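Here the numbering used here runs 11 ahead of the position in the sequence shown, where the first position is 1. Cβ atoms here follow ideal geometry from the backbone N, Cα and C, with glycine treated the same way. This one's a predicted model, so the numbers in the text were calculated from it and none came from an experiment. For reference, the structure discussed in these notes is given below.
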Amino acid sequence: MKQYNPNKHHRRSIRLVGYDYSQAGLYFVTLVCQDRAQLFGDIKDGIMYLNEFGQIAAGEWLHTQEVRNNVVLHEFVVMPNHIHGIIEILYPKESSNIVGAFKSPSQTIGAIIRGYKIATIKRIKELGKRTKDSKGEYSKGEDSKGESKGESKGELQFAPTAPTRGIIKSLDYKIWQRNYYEHIIRDEKAYINISNYIIENPLNWEEDQLNTP
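Here is the structure:
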């Protein structure tokens, strides 16, 4: 699984040259944490600092593209209590040959989201259930490659994780709300506007409707 690096995984060239928007293939999706709990880190001065749970959320999002050869990920952002992303579904020209879930764009997106939720819940649950150290406090966590946070080599800045573990336990490890938001992107203007919205989301966190105490 690829290590998430915000400097590498943000696409700044957001115009899709030659893309046919008449095909149902680009989707803007939003997943929100259960009870809007802020599980994935903190925003300071317009910058999102992922904790270990946020790192898992970002890493599994990128992993989606690795395990599904018909998926291309575009702009995305992990926020304290939700994730925004643009997903592109690649369909064969002969759509009549598509079988099963891949006949329906909504089912395809649903399968992607279900797989993503299952993967993040599993990994966060494993991390959140680590035993406490001898002082009764949670020990320092490790990233997805098993390195301590102090060894991240500056590629990613972490927010503290331990206080968040109690929140997750109180939610009985129900990380995500059951439903998710899905919007089909039908033209270039919408694609550019949504991409910019995702990029600027951390800067606008104070006014975000999902930013609840």
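Taking the Cα positions, residue 210 is about 23 Å away from residue 77. Within the same chain, 43, 47, 90, 92 and 93 come within 8 Å of residue 221 by CB-CB distance, once the 5 residues on both sides are set aside. For residue 75, the enclosing alpha helix (DSSP H) stretches over residues 63 to 78. With a 10 Å radius around the Cβ and a threshold of 16 neighbouring Cβ atoms, residue 37 comes out buried. With a contact defined as Cβ atoms closer than 8 Å, residue 98 and residue 40 qualify at about 6 Å. One Cα belongs to residue 202, the other to residue 195, and the distance between them is close to 10 Å. Collapsing the DSSP output to three states places residue 94 in a strand. Closest option to residue 83, judged by alpha-carbon separation, among 66, 102 and 65: 102. By the beta-carbon neighbour count (other beta carbons within 10 angstroms, threshold 16), residue 57 is exposed. Annotated three-state conformation of residue 121 is helix, per DSSP.
Going by beta carbons, residue 188 and residue 66 fall outside the 8 Å limit.
Here residue 186 carries a coil assignment [DSSP, helix/strand/coil].
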